[in-house]
Amino acid sequence: MDTKKTPEKHLINYHRASIGHEEIEEVVACLKSGWLTTGPRVKQFETDFAKFIGAKFAVAMNSCTAALHLALEAIGLKENEIVIVPTMTFAATAEVVRYFNAIPVFADCLEDNYCIAPDAVRNLCEQIENGGKVKGLPRKHGRIRAIIPVHFGGAPADIPALAKIARKFGATIVEDCAHACPSFYTNSKGKLVKAGSEADVACYSFYANKTITTGEGGMATTNNPEYEDRMRIMSLHGISRDAWKRFTASGSWRYEVVAPGYKYNMPDIMGALGIHQLKKADLFMRQRAKIAGLYTRLLKKLDGIVLPSEKPGTISSWHIYPARILKGRNNVERDEFIERMKEAGIVPSVHYIPLHLHKYYRDKYGFGDGDFPVSEKLSSECVSLPIYPGMEKADVARVARTMAEILEGPRR
Ligand SMILES: Cc1ncc(COP(=O)(O)O)c(C=O)c1O
Numbered sequence: 100m101d102t103k104k105t106p107e108k109h110l111i112n113y114h115r116a117s118i119g120h121e122e123i124e125e126v127v128a129c130l131k132s133g134w135l136t137t138g139p140r141v142k143q144f145e146t147d148f149a150k151f152i153g154a155k156f157a158v159a160m161n162s163c164t165a166a167l168h169l170a171l172e173a174i175g176l177k178e179n180e181i182v183i184v185p186t187m188t189f190a191a192t193a194e195v196v197r198y199f200n201a202i203p204v205f206a207d208c209l210e211d212n213y214c215i216a217p218d219a220v221r222n223l224c225e226q227i228e229n230g231g232k233v234k235g236l237p238r239k240h241g242r243i244r245a246i247i248p249v250h251f252g253g254a255p256a257d258i259p260a261l262a263k264i265a266r267k268f269g270a271t272i273v274e275d276c277a278h279a280c281p282s283f284y285t286n287s288k289g290k291l292v293k294a295g296s297e298a299d300v301a302c303y304s305f306y307a308n309k310t311i312t313t314g315e316g317g318m319a320t321t322n323n324p325e326y327e328d329r330m331r332i333m334s335l336h337g338i339s340r341d342a343w344k345r346f347t348a349s350g351s352w353r354y355e356v357v358a359p360g361y362k363y364n365m366p367d368i369m370g371a372l373g374i375h376q377l378k379k380a381d382l383f384m385r386q387r388a389k390i391a392g393l394y395t396r397l398l399k400k401l402d403g404i405v406l407p408s409e410k411p412g413t414i415s416s417w418h419i420y421p422a423r424i425l426k427g428r429n430n431v432e433r434d435e436f437i438e439r440m441k442e443a444g445i446v447p448s449v450h451y452i453p454l455h456l457h458k459y460y461r462d463k464y465g466f467g468d469g470d471f472p473v474s475e476k477l478s479s480e481c482v483s484l485p486i487y488p489g490m491e492k493a494d495v496a497r498v499a500r501t502m503a504e505i506l507e508g509p510r511r
């Protein structure tokens, strides 16, 4: 964390990518090499990433959404099959289920970490198995095919509990690790492991505001060679393995289309960024943790808010620092609070408006207010504070001071 003093009035944005000279030089070297699309730099990034996560395979793509899509394709998701998804997540987690005309069944989240509630998932699975009524589930449906837990803001979902449920109901776990590069949880053997390392497939995001970035980009990791093979082929038009090599001397111009695939491959310009961002992932995590710790120290005296914390046996990536502005306990409510922060030159964000409250899911499955009370409560109170590696200590202090002034100061 940079401790140098900054003038009071500059804008504190929600995020800022940390790009060093290593990334810039590698991108320039890539441009000068004349090879811009998928190639040696992406291969290197994949090898390094698999090692970093502790998975056997990694397949780079141009987004985490693409990775989630191909993860579901690789496990063989079929029309009308069910995928259990938290409602408290970004659009991507559920939209990929709809790509297959499969059914996303939403589950509520835990109040203390915003992650999918294992009890809710178990109840849903039991209800579905017993032919009970499940909100949003059409009468005609297939079996429960997968569960997609999200490590919300980097706080790990309870994977051991979810894996047990998945085993019982014959479902596959596709971890949405968009926020979790890296996060850690304690596995069923009591060992601290990286989020995604034990998933059937795990999908990471390198979108501009993520813990490491390639501008846009994603990665799927797996320990299953069949999933790896299928995702690799489908990420490049469904043509034979290592199709990117067909324009190189070591490859062959011959290729065969084995399935109608997609154009999801990651170009080497992005791989160039990824190689060096990944080397800094642990450093970035420590820097984020320091900022989170400072927020908590500075804000804990305010009694109308709830601050995030790590559950025992977990380590967060601190991609998000979600605070709650409790209703009726402060001078202003959450929405006005955000406007006042913006007036003061600070840009917070909100994660998320639960998916079941969006027009598409309301219209398609008949969801409405009150269906998932915990997510709705959190959504109406939460505010994500600016957090990024390199954020100056003085800026963290200014955010905390401004919050106190708005929440506890004189009303307007
Ligand atoms: C929880 C979650 N899943 C998936 C995604 C999709 O990531 P991408 O933008 O790389 O497709 C995001 C993006 O913000 C996300 O927050």
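The sequence shown runs 100 to 511 under the numbering used here. Note that beta-carbon positions come from the ideal geometry of N, C-alpha and C, so glycine has one too.
Exercise for the section: Using only alpha-carbon positions, find the residue among S162, R115, S117 and A154 that is nearest to Y361. Expected result: The residue labelled residue 361 in the question sits at position 262 within the sequence shown. Measuring from the Cα of Y361, the nearest candidate turns out to be S162.
Problem - For N179: DSSP bridge partner residues - result: Against the sequence shown, residue 179 aligns to sequence position 80. In DSSP, N179 forms no bridge with anything.
Problem - beta-carbon A254 near ligand 1 non-hydrogen atom, thresh 6 Å - result: Walking along the sequence shown from the start, residue 254 turns up at place 155. Incorrect: A254 has no Cβ contact closer than 6 Å to ligand 1.
Exercise for the section: Report yes if the CB atom of L456 is closer than 7 Å to the CB atom of A193, and no otherwise. Expected result: Taking the sequence shown and counting its residues from 1, the one referred to as residue 456 is at position 357. Taking the sequence shown and counting its residues from 1, the one referred to as residue 193 is at position 94. No, these two residues do not count as a Cβ contact at 7 Å.
Handout entry: C-alpha gap between T102 and R385, whole angstroms
Key = The count along the sequence shown starts at 1 and reaches residue 102 at position 3. The count along the sequence shown starts at 1 and reaches residue 385 at position 286. Low per-residue confidence applies at T102: pLDDT is 49, beneath 50, and the placement is therefore not dependable, though the value from the model is reported in the following sentence. If you take the alpha carbons of T102 and R385, they lie about 15 Å apart.
Practice task
Could you tell me if E124 is buried or exposed, where buried requires 16 or more neighbouring beta carbons within 10 angstroms of its beta carbon?
Solution key: As a working note, residue 124 is residue 25 in the sequence shown. Exposed.
Problem - DSSP-derived helix/strand/coil call for I505 - result: Counted from its first residue, the sequence shown places residue 505 at position 406. In the structure shown, I505 sits in a helix (DSSP, three-state: H, G or I).
Handout entry: Segment limits, beta strand (DSSP E) that includes F156
Key = Counting from one through the sequence shown, the residue named residue 156 turns up at place 57. F156 to M160 is the span of the beta strand (DSSP E), which, as asked, contains F156.
Handout entry: Length at least 3, wholly inside the stretch 418-500: the beta strand (DSSP E) runs in chain order
Key = 421-424 and 481-483
Practice task
Answer with buried or exposed for L477, where buried requires no fewer than 16 other C-beta atoms within 10 angstroms of its C-beta.
Solution key: Within the sequence shown, the letter at position 378 stands for residue 477. Buried: at least 16 other Cβ atoms inside 10 Å.
Practice task
Find the nearest neighbour of G412 within the set P485, D462 and K293, judged by alpha-carbon distance.
Solution key: Counting from one through the sequence shown, the residue named residue 412 turns up at place 313. Cα-wise, what sits closest to G412 is K293.
Exercise for the section: Report the option in D147, F305 and N222 whose CA atom is closest to the CA atom of A265. Expected result: Locating residue 265 in the sequence shown gives position 166, where the first residue counts as 1. Nearest C-alpha to A265: N222.
Exercise for the section: Tell me whether G295 counts as near ligand 1, meaning its Cβ is closer than 6 Å to at least one heavy atom of that ligand. Expected result: Position 196 of the sequence shown, counted from the start, is the residue given in the question as residue 295. Because no heavy atom of ligand 1 lies under 6 Å away, the Cβ of G295 does not count as near it: no.
Handout entry: Closer than 6 Å: T64 CB and nearest ligand 1 heavy atom
Key = Since the displayed the chain opens at 100 and closes at 511, residue 64 lies outside it and no answer follows.
Exercise for the section: Would you list, in sequence order, the uninterrupted alpha helix (DSSP H) runs of no fewer than 4 residues that lie entirely inside the stretch 183-269? Expected result: 190-197, 217-228 and 258-268
Problem - Identified DSSP bridge partners for G314 - result: Counting from 1 along the sequence shown, the entry for residue 314 is found at position 215. Answer by DSSP bridge pairing, in chain order: Y306.
Exercise for the section: Specify the secondary structure class of E327 as computed by DSSP and reduced to three states. Expected result: Here residue 327 is taken as the residue at index 228 of the sequence shown, counted from 1. The answer is helix: DSSP assigns E327 an H, G or I state.
Problem - Alpha-carbon spacing of H375 relative to D462, whole angstroms - result: In the sequence shown, counting from the first residue as 1, residue 375 sits at position 276. In the sequence shown, counting from the first residue as 1, residue 462 sits at position 363. Roughly 44 Å between the two C-alpha positions.
Problem - I202 to V182 span [Cα, whole Å] - result: Within the sequence shown, numbered from 1, the residue matching residue 202 stands at position 103. Within the sequence shown, numbered from 1, the residue matching residue 182 stands at position 83. Near 6 Å, if we compare the C-alpha coordinates of V182 and I202.
Practice task
Using only the heavy atoms of ligand 3, determine whether one of them is closer than 6 Å to the beta carbon of V249.
Solution key: The model depicted lacks ligand 3 and carries ligand 1 instead.
Problem - I404, DSSP secondary structure in three states - result: As a first step, residue 404 must be located in the sequence shown, where it is residue number 305. Note: I404 maps to strand in three-state DSSP.
Practice task
Would you please state the rounded distance, in angstroms, between the beta carbons of N322 and A166? I believe it to be under 8 Å.
Solution key: Mapped onto the sequence shown, residue 322 falls at position 223. Mapped onto the sequence shown, residue 166 falls at position 67. Actually they do not touch by this definition, with Cβ atoms about 15 Å apart.
Practice task
Find out if the Cβ-Cβ distance for the pair H250, A270 is shorter than 7 Å.
Solution key: Mapped onto the sequence shown, residue 250 falls at position 151. Mapped onto the sequence shown, residue 270 falls at position 171. Contact flag unset, no.
Handout entry: Residue closest to K309, alpha-carbon to alpha-carbon, out of I174, C208 and F383
Key = Mapped onto the sequence shown, residue 309 falls at position 210. The shortest C-alpha separation from K309 is found at F383.
Exercise for the section: Pair every Cβ in the stretch 196-213 with every Cβ in the stretch 142-149, then say whether three or more of these pairs are closer than 8 Å. Expected result: no
Exercise for the section: Please name the residue or residues paired with K293 in a DSSP beta bridge. Expected result: In the sequence shown, residue 293 corresponds to position 194, counting from 1. DSSP lists F283 as partners of K293.
Practice task
Would you mind stating whether T186 and F471 have Cβ atoms separated by less than 7 Å?
Solution key: As a first step, residue 186 is located in the sequence shown; it is residue number 87 there, counting from the start. As a first step, residue 471 is located in the sequence shown; it is residue number 372 there, counting from the start. Yes, the Cβ-Cβ distance between T186 and F471 is below 7 Å.
Handout entry: Residue range of the alpha helix (DSSP H) that includes E172
Key = Residue numbering aside, residue 172 sits at position 73 when the sequence shown is read from its first letter. Its alpha helix (DSSP H) spans residues C163 to A173.
Handout entry: Neighbourhood of T501 by C-beta, 7 Å cutoff - its chain only, sequence neighbours within 5 removed
Key = By one-based count along the sequence shown, residue 501 stands at place 402. So the list reads M440, A443 and I445, once near-sequence residues are dropped.
Handout entry: DSSP-derived helix/strand/coil call for V357
Key = Position 258 of the sequence shown, counting from 1, holds the residue named residue 357. Looking at V357 - three-state DSSP - the assignment turns out to be coil, as it is neither helix nor strand.
Handout entry: C-alpha distance - V482 paired with M330, whole-angstrom precision
Key = As a working mapping, residue 482 is identified with position 383 in the sequence shown. As a working mapping, residue 330 is identified with position 231 in the sequence shown. Approximately 36 Å between the Cα atoms of the pair.
Practice task
Answer yes or no: the CB of S304 versus the heavy atoms of ligand 1, is any distance below 6 Å?
Solution key: As a position in the sequence shown, residue 304 is number 205, starting the count at 1. Yes, the beta carbon of S304 sits closer than 6 Å to at least one heavy atom of ligand 1.
Exercise for the section: Flag G373 as yes when its Cβ comes closer than 6 Å to any non-hydrogen atom of ligand 1, and as no otherwise. Expected result: Locating residue 373 in the sequence shown gives position 274, where the first residue counts as 1. Flag unset: Cβ of G373 not near ligand 1.
Problem - Beta-carbon proximity check, I243 vs I227, cutoff 7 Å - result: Within the sequence shown, residue 243 is the residue found at index 144, counting from 1. Within the sequence shown, residue 227 is the residue found at index 128, counting from 1. A contact, by the Cβ cut-off of 7 Å.
Problem - Enclosing alpha helix (DSSP H) for D381 [first to last residue] - result: Looking up residue 381 in the sequence shown gives position 282. It spans A380 to L398 - the alpha helix (DSSP H) in which D381 sits, taken as one unbroken run.
Handout entry: Rounded straight-line distance, which links the Cα of W343 to that of V495
Key = For the purposes of this step, residue 495 is taken as residue 396 along the sequence shown, with counting starting at 1. For the purposes of this step, residue 343 is taken as residue 244 along the sequence shown, with counting starting at 1. V495 and W343: Cα-Cα distance of roughly 45 Å.
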